[in-house]
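Asker: Protein chains in written order, with the working numbering: chain A, 2 to 82; chain B, 6 to 254; chain C, 6 to 499; chain D, 455 to 584.
Shown below is the structure under consideration.
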Amino acid sequence: MGPALNIILIALLVITALTATFSRDLLAAVIIFSVYSLIMCLMWQRLQAPDLALTEAAVGAGVTTVLFVVAIFKTRRKEER
Amino acid sequence: MKRVVSLLFLAALAVLLLYVVANMPPMGDPQSPTRTHVVPKYLEDAQEETHAPNVITGIILNYRGYDTMGEVTVIFCALAGVLAVLGREKRGRIYAYADRSRVKSSTIVKTMVRFTVPFIILFSVYTILHGEISPGGGFQGGAIIGASMIIFTTVFGLYESSQRIPQKLRLPLEGSAVLTFFTVGVLGMVGGGNFLTYAWPHIAVSLQPAVVVWLTILVEIGIGLGGAMVFISILFSMIREGEEVAVVP
Amino acid sequence: MGAYRHFPIFMITIPLVGAVLLPFLGYLRQKWVPWAAAIPLVSSTILGSLLMGRMPAGGYLSYHMGNWDPPFGIEIRVDYVGLFLMLIVCGIALLALFFSRLYIFKEVSGGRLTAYYVLFLLLSGAMLGFVATGDIFNLFVFMEILALSSYALVAIAGNRNAVRAAFKYLLMGAPSSIIVLLAIGFLYSATGTLNMADLSARVAESGYTEVLMVAFILFVIGFGVKAALFPLHMWLPDAHSIAPSPISAILSGLLVEVSAFAVLRITFSVFTAGATNLVGGTLDAVSVFAAAAVLYGGIMAILQKDLKMMIAYSTISHVGYIFLGITAFTAEGVAGAMYHMLDHGLAKACLFLCAGSFIYVKGYRRIEDLKGAWRQMPWTCFAFALASISVIGIPPTAGFISKWYLVYGNFSRDRWPYALILLLGSILAAVYCLRVIYYMFFQPGKEGAWETVSKDAPSSMLAPIWILSAGTLFFGLFSSLLIPSLLRAAKFLL
Amino acid sequence: MRLFHNYHYVAAMLLFCIGLYTVIVRRNIIKKLIGLNIMETAVFFFYISLGYMDNGIAPIRVGGAQPGQMVNPIPQALILTGIVVAVSVTALALSLVILLYRQYGTLDVDHLMRQEEDEGEGEKGKGAEG
């Protein structure tokens, strides 16, 4: 188990970060970013930081994502060319 | 051109960072400076000195309480900034909100949300009050309250939720975190110590643990309420922007 | 010391708590907000002045937050220089606040008035905390309050340019804060502590020199953005010229200085105590950039048509001076840099407030529009001229004293090219300042541009301007009040 | 090879660079803010890995947990502050984005800069007064 799971999680982190960067649909990018935050939260739980995992789940994946979504609703969803 | 320069800068930075990582103490090394210098005292004594079994709570509220006071000032500052940029939602009943974020929600969704939100708030209260024993604390609880109000707002719309938590209630509570910290800090001085001393030197040693515990809980509640209200106000302010329609009463 | 030891913490927290209480007053009686906002700053100034009289010479005041001893708790460490800078912060912020009372209606609509004063107090309190703290993570926290409130204050006018300038500022400022956080992480990983005094001891004996070196580079990049050091200055001209004038005065006269002071503290009180070899190369690079900043800022200032834009570019050039003083690594250079923080703060704040007063009376922003301005606004114009003289560095003003020490400090370590660049910077400053003065005093105004009857800015706006410009003169004539103690403090740092 | 042993740090630095790339190179401002958040979380990840030790347990002293086995609580306490700061910056930045879009009608940095150039130097002065 040990390092293998960590490495898988890290790979997922990198993949989600890259997808969030390169996706043209902003809403999709934000949702993928919230997935990134959730994986980060799992990672922190594995690194024995339950307080931070809780905070990241509530703030990083919850509040931040909602703020982004509201901002996208107020502006536009697609990236311009 | 600009792109090339920035990519070169990034590449240089990446090499620099990898160079550092290759020279850093190995991860998890019990002999590394982070392990040997300040930490042992925290881990050994935190429980006796701060009366919080959760060492992190002990550090953020007690040993490094001043940092946390700065932190709650930062969120208050963010709120002041958002309000300065976007403005607060209008008071009174003559304004309705035609918010697009409101989903056309069915009765099932509405009932579900009405049913779950109280439980989420209950959980957050538990998180706030239980912060010194289990993971969690004031700020996490506040964020969870904020998140529950977000769910409520997406389903019922801003008008409904701003009726539940009106501006009159939020305005005094937004600064409660900073004010609680300041009060506790000054109480520490009155008690004979420096700013933010929890264990007042002027009182009997036998009473000190109780005082520390109660002050810790007071600060947690202050942070929780303040954080929650700040999040809700920021969210309302962002949602209402440009969507207020005056309705003739 | 008795009760005096509590003074610094009250100086910091009273403005912050005042900011939190101000919305209540704004809710009840908005008219009183400008007056009430002055109360915390006035009390901080009084506390600071009282403390100044009690400061032991060459010593420092260490305040242990929560009665925890330093490496475990947070320490506030105020030495003579720090307290001096805190007093400058209080004083200039207070003057800018008084200036705002009438001026602010020109740029900020009534509904945002309370938010303006709240952010103003947060900014001032954060600057005080930033200067006073002795803990490196606490430095980061206060830097964030500082940064957030200044982004919001740049944007507060709410029009196109203000929002764009603020966003540009944020897009450079926020990554720089993260870089500082990363640098703190590196420093912590190599030493295991966050207290600055403890760090300086442990940096010297730490075996992880590579980590420390890169941490220092990241610190310089991070604070360099905040202080607008040359290649990282892109946000400054927009932000400083578009913000409301009192805010420009604070940003240009204080925020930049305070960030440079952070670099100074990181360099001298954390790194170089026994580890000079770590930072030598970086500091050499910094001095090259600082020299470039002096020239670039000066040349760009000459090319500007907008008055506030010109003053903003001049700030970039003066940041270069301060960094050249720091990197000279001599007591004279460092003392000169500190004195330059004082006189640049006074002079720049004065210039921006003068620009604000032109905007208030006539709405003029372009330099050309100022032709013949002295006939209508003699008081503003004379204050502007006096502050310009200090910016150039002509003898009776404080600008001359600091520049003399900067040049001397660079010469005495065989850094004569830098000393020459400092002198060249003065010539450039003379070109851009004297052009404005020439327009003001010796050119006929356009038909109908100015009224012949003198109708200067109201006296509540002229008073702050004149206090500032008189300050540059005062600290030029009586430099012996401060220079010896600054030199002693600088020797202590080296 | 220490680089392999410190693979958590390497990952954090990689994510940091991805975030910085997004901030510098991507033209959309909401993308830039996502990049900012990625950068921030990467640094937090770095801090937390800094505190980790093998077979460590969370620093909560219940049920007879021994201090010697606990992971380092200091980075965790610092990062708790860091997360709050991050969300504050994001909130302020997003409200600026909303206002920016209302006034410029675009989220693209290049378009923004082009509009700025079109307005010209003289207009800039006038615009800032209104």
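A virtual CB, placed ideally from N, CA and C, is assigned to each residue, including glycine.
#1: Quick one: what does DSSP say C/T272 is sitting in, helix, strand or coil?
#2: As an exercise, report each continuous beta strand (DSSP E) stretch of at least 3 residues that is fully enclosed by the segment 154 to 237 of chain B, in chain order.
#3: Can you check the segment 204 to 255 of chain C for any alpha helix (DSSP H) of at least 4 residues that lies completely inside it and give the ranges in chain order?
#4: Nearest-angstrom Cα distance between B/M194 and B/V216?
#5: Of all the CB atoms in chain D, is at least one closer than 8 Å to the CB of C/E149?
#6: Using a Cβ-Cβ distance cut-off of 8 Å, determine whether A/A59 contacts chain B.
#7: Does DSSP classify C/L66 as helix, strand or coil?
#8: Contact criterion: CB-CB distance below 8 Å. Does B/A148 meet it with respect to chain E?
#9: Per DSSP, D/I511 forms a beta bridge with which residues?
#10: For B/R107, name the three-state secondary structure that DSSP assigns.
#11: Closer than 7 Å: is that where the CB of C/R34 sits relative to any heavy atom of the ligand ZN?
#12: Since C/I352 and C/V396 should fall inside the 8 Å C-beta cutoff, what is the C-beta to C-beta distance between them, to a whole number of angstroms?
#13: In chain C, which residues lie less than 8 Å from B/H42 when you measure between Cβ atoms?
#14: Determine the direct distance from the alpha carbon of D/I552 to that of C/Y156, and round the result to whole angstroms.
#15: So, helix, strand or coil for B/I99, using DSSP?
#16: Going by the beta-carbon positions, is the gap between C/A188 and C/G227 smaller than 8 Å?
#17: Just to confirm my understanding: we take C/L144, look at its own chain, exclude 5 residues before and 5 after, and list those with CB closer than 7 Å. What are they?
#18: Any idea what DSSP makes of B/M243, helix, strand or coil?
#19: Just mark D/F498 as buried or exposed, buried being the case when its beta carbon has 16 or more other beta carbons within 10 Å.
#20: Would the segment 243 to 253 of chain C count as touching the segment 312 to 327 of chain C if we require 3 or more Cβ pairs under 8 Å?
#21: How about B/P214 and B/H56: are their beta carbons less than 8 Å apart?
#22: So, is C/L33 buried or exposed, given that buried needs 16 or more other C-beta atoms within 10 angstroms?
#23: Could you name the residues of chain D that C/P1 contacts, counting a contact when the two beta carbons are closer than 7 Å?
#24: Can you give me the C-alpha to C-alpha distance between B/I222 and B/F186, rounded to a whole angstrom?
#25: So C/I81 is in the beta strand (DSSP E); what residue range does that whole segment cover?
#26: Let's test the definition: count the other Cβ atoms within 10 Å of the Cβ of C/N282 and tell me whether it reaches 16, buried, or not, exposed.
#27: Does A/K79 pass the burial test, meaning 16 or more other C-beta atoms within 10 Å, or should it be called exposed?
#28: Mind listing which residues of the segment 147 to 168 of chain B have their C-beta closer than 7 Å to chain A's C-betas, in chain order?
#29: Name, please, each residue of chain C whose Cβ falls closer than 8 Å to the Cβ of B/G180.
#30: Distance check for A/W45 and C/F276, CA to CA, integer angstroms please.
#31: Does any residue of chain A have a CB that is nearer than 8 Å to the CB of D/L541?
#32: Just how far apart, CA to CA, sit C/V113 and C/L259?
#33: B/N59 by DSSP, collapsed to three states: which one?
#34: If the criterion is Cβ atoms closer than 8 Å, does the pair C/W240 and C/M177 meet it?
#35: Mark B/M234 as exposed unless 16 or more other C-beta atoms lie within 10 angstroms of its C-beta, in which case mark it buried.
#36: Taking only beta-carbon positions, decide if D/I514 is within less than 8 Å of chain B.
Answerer: Taking the geometry as given:
#1: In the structure shown, C/T272 sits in a helix (DSSP, three-state: H, G or I).
#2: Whole beta strand (DSSP E) segments, 3+ residues: zero.
#3: For the segment 204 to 255 of chain C, whole alpha helix (DSSP H) runs of length 4 or above, ordered along the chain, are 214 to 232, 241 to 247 and 250 to 255.
#4: Cα to Cα, B/M194 sits roughly 14 Å from B/V216.
#5: Taking 8 Å as the threshold, the shortest C-beta distance from C/E149 to chain D falls below it.
#6: With 8 Å as the cut-off, A/A59 counts as an interface residue toward chain B.
#7: Assigned with DSSP and collapsed to three states, C/L66 falls in strand.
#8: In the displayed structure, chain E is absent; the protein chains listed are A, B, C and D.
#9: Its beta-bridge partners are D/M524.
#10: Since pLDDT at B/R107 reaches only 49, below the 50 mark, its modelled position is unreliable, and the value read off the structure follows with that caveat. It is coil, neither helix nor strand.
#11: As for the ligand ZN, it is missing from this structure, which has no ligand bound.
#12: Checking the sequence shown, residue 352 of chain C turns out to be Ala, not Ile. Rounded to the nearest angstrom, the Cβ distance from C/A352 to C/V396 is 5 Å, consistent with a contact under 8 Å.
#13: Residues of chain C passing the Cβ test: P76, T196, G197, T198 and R207.
#14: The alpha-carbon atoms of C/Y156 and D/I552 are separated by roughly 15 Å.
#15: Note that B/I99 scores a pLDDT of 38, beneath 50, so its modelled location is shaky; the value from the coordinates is reported in the next line. Three-state result, B/I99: coil.
#16: Cβ atoms of C/A188 and C/G227: closer than 8 Å.
#17: The answer, listed in chain order, is F135, T138 and A267.
#18: In the three-state reduction of the DSSP assignment, B/M243 falls in the helix class.
#19: By the neighbour-count definition (other C-beta atoms within 10 Å, threshold 16), D/F498 is a buried residue.
#20: Output reads yes: the segment 312 to 327 of chain C touches the segment 243 to 253 of chain C.
#21: It is a contact, given that the beta carbons lie within the stated cut-off.
#22: Exposed, because fewer than 16 other Cβ atoms sit within 10 Å of the Cβ of C/L33.
#23: What the structure shows of chain C is the stretch from 6 to 499, and residue 1 of chain C is not part of that stretch, so it cannot be assessed.
#24: Their Cα atoms are separated by approximately 12 Å.
#25: Start and end: E80 to D84.
#26: Under this definition C/N282 is an exposed residue.
#27: A/K79 comes out exposed.
#28: Taking 7 Å as the Cβ-Cβ cut-off against chain A, the residues of the segment 147 to 168 of chain B that qualify are A148, I149, G151, A152 and I155.
#29: Below the 8 Å Cβ cutoff, chain C contributes V25, L26 and P28 as neighbours of B/G180, in chain order.
#30: Within the model, the alpha-carbon separation for C/F276 versus A/W45 is close to 32 Å.
#31: Residue identity differs from the one stated: residue 541 of chain D is Val in this sequence, not Leu. Taking Cβ atoms only, chain A reaches closer than 8 Å to D/V541, which makes this a yes.
#32: A direct Cα-Cα distance of roughly 22 Å separates C/V113 from C/L259.
#33: Strand at B/N59.
#34: Cβ distance < 8 Å, so C/W240 and C/M177 count as in contact.
#35: Buried.
#36: So, interface residue.
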